[in-house]
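Visitor:
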Amino acid sequence: MNDLKRIIDQVSKEKGIDRAVLIGAVEEAIRSAARKKYGQKADLEVQYNEETGEVEVFQFRTVVEKVADPETEISLEEARALDPESQLGDSLGVKLDTRDLGRIAAQTAKQIIIQKIKSAERDLIYEEYKDRVGHIVAGSVQRFDRGNIIVNLGRTEAILPVSEQIPTEHYRRGDRIRALIIEVRRASRDPQIVLSRSHPDFLAKLFELEVPEIQEGVVKIMGVAREPGSRAKIAVVSSDPDIDPVGACVGLRGSRVQAIVQELKGEKIDIVPWNPDPAKYVYNALSPAECSKVIVDEANKALEVVVPDDQLSLAIGRQGQNVRLASKLLGWKIDVCSETQYARRQDPGFKALLSLDGLEEPVAAKLYDAGISSPELLAQSEPEQVAEIASLSQEEAKKIIEIARSQVGN
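In terms of full-length UniProt numbering, the sequence shown opens at residue 1 and continues consecutively.
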């Protein structure tokens, strides 16, 4: 224990742990070790002496005529050998030699000290990072654990779970990485800090770092929708009529948005002007497609968007991605149709076809375009004709003709 004071000072400085916490850990450890040697019932007082840098242990025993329990009692004769003024009933304290605690007891002390230091470190990390949820941090890839990436942040480690990674990204040990803190938890073993690169807020924070107008509060991010690694949409608005929010986010010759695209390894980003009017907002959100008409259903938060025929595939996007992201951005259900489809839907005959049980719109559209524009005409059609027009089997064609005949008959 000769170097104890130096060790406490060194650990306190290196780990940033309060000396009082370390001293308390040492005292607890020595108390535990002393109990192993002198008994669990022993009345022990443990104190760290700042002057000597040693831990002093005193055992207190009651002075009695006849000792029944050596752990808690001492005979009058033995007590007077230590203190001639001892009387029966006195509580006599004797300083113990901590060097006699033994190897096993010292090992126990060491384990408790290490445990206390780790616990204090976890508390420090929690206090340091708990208010940084929603902030971006940078670190390096330390190792991989069942697909999760363990990131070294300097003083501590963080975890980037598989679910929070961008599917198209791949890292190697030592790679630099930036991510968003989404959770800080009091964990006993696993990393306490949980990171994300796929969260919509990660994209929002990257724009905040790149665009001074967002930091200043002139430009505000109103919504983010992402399919991480593929494409994203971000809606922005400006409180200053002289500042174009989209232009501010794009930057000179695209410099600002390109820096973010580079960080996200090529994720395409659509920056759209926000608008309080859902009809105007969806027009912006479906860009680069143009809209001819928007029908708003406020009650069901649904929008029917009509686009020119040659814009339909652009509005929907590859595998429906464009309209899906626009829907996420607005928080509304969006149904996109072409002008031809919309005109068809207004025809009472087509509406009647759609009312037939089991007849889906794509099949009804094929029949309508081929001149079978009402349930009456469908009821009069031959199965071979219907099967060929609608790309159905003979059995399926017969079934929908029977349904039409049943309805017309009624």
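Just so it is clear, CB atoms sit at the ideal spot from N, CA and C, and this is done for glycine as well.
What you are looking at is a predicted structure, and each value in this text was computed from that prediction instead of being measured.
#1: Checking 8 Å against the spacing of the C-beta atoms, do LEU325 and LYS233 come in under that value?
#2: Check the DSSP bridge columns for SER196 and list the partner residues they point to.
#3: Quick one: residues in its chain with C-beta nearer than 6 Å to the C-beta of PHE58, no 5 flanking neighbours on either side, listed in chain order?
#4: Tell me the DSSP bridge mates of PHE58?
#5: Please go through the same chain and pick out, in chain order, the residues whose beta-carbon is closer than 7 Å to the beta-carbon of ILE114, but skip the five residues on each side of it.
#6: Could you check whether ARG256 and GLU210 sit closer than 8 Å to each other, using their CB atoms as the reference points?
#7: Beta-carbon within less than 8 Å of ASP244's beta-carbon, same chain only, minus the 5 sequence neighbours each way: which residues are those?
#8: Does the Cβ of ALA225 have 16 or more other Cβ atoms within 10 Å, making it buried, or fewer, making it exposed?
#9: Quick check: what's the CA-CA separation for VAL363 versus SER406?
#10: Is the segment 124 to 135 touching the segment 191 to 205, taking contact as three or more C-beta pairs under 8 Å?
#11: If we ignore side chains and look at the alpha-carbon of each, how far apart do ILE177 and VAL184 end up?
#12: Pick out whichever of GLU360, PRO278 and GLY320 has its Cα sitting closest to the Cα of GLU304.
#13: Assuming GLY349 and SER374 form a contact by the criterion Cβ under 8 Å, report the distance between their Cβ atoms to the nearest whole angstrom.
#14: Just the Cα atoms here: how many angstroms apart are LEU378 and ALA404?
#15: Quick one: Cα of MET1 to Cα of ALA81, how far?
#16: Hey, SER32 and THR62: beta-carbon distance below 8 Å or not?
#17: In three-state terms, what does DSSP make of CYS337?
#18: Leaving out the 5 sequence neighbours to the left and right, which residues in its chain are closer than 6 Å to LEU4 when beta-carbon positions are compared?
#19: Taking 8 Å as the CB-CB cut-off, is ASP297 touching chain D?
#20: Reducing DSSP to helix, strand and coil, say where VAL67 ends up.
#21: Is it buried or exposed, PRO70, if we count other Cβ atoms within 10 angstroms and call 16 or more buried?
#22: For the 8 Å Cβ check, are there 3 or more pairs between the segment 310 to 326 and the segment 285 to 302?
#23: By how many angstroms is the C-alpha of ILE372 removed from the C-alpha of GLU384?
#24: Confirm, please, whether the CB-CB distance from VAL386 to ALA397 is below 8 Å.
#25: So, using beta-carbon positions, are ILE269 and PRO228 closer together than 8 Å?
#26: For residue 448, I'd like the list of residues in its chain whose CB is within less than 8 Å of its CB, leaving aside the five on either flank, ordered along the chain.
#27: Reducing DSSP to helix, strand and coil, say where ASN300 ends up.
Guide: Considering the structure as presented:
#1: yes
#2: LEU180
#3: GLU45, GLY93 and LYS95
#4: GLU45 and LYS95
#5: none
#6: yes
#7: SER238
#8: buried
#9: 19 Å
#10: yes
#11: 18 Å
#12: PRO278
#13: 4 Å
#14: 6 Å
#15: Any reading at MET1 needs caution, since the residue's pLDDT is 46, under 50, leaving its predicted position unreliable; the model's value is listed next. Cα-Cα distance, rounded: 29 Å.
#16: no
#17: strand
#18: GLY53
#19: The structure shown contains no chain D, having only a single protein chain.
#20: coil
#21: exposed
#22: yes
#23: 14 Å
#24: yes
#25: no
#26: In the structure as shown, the chain starts at 1 and stops at 410, and residue 448 therefore has no counterpart that could be examined.
#27: coil
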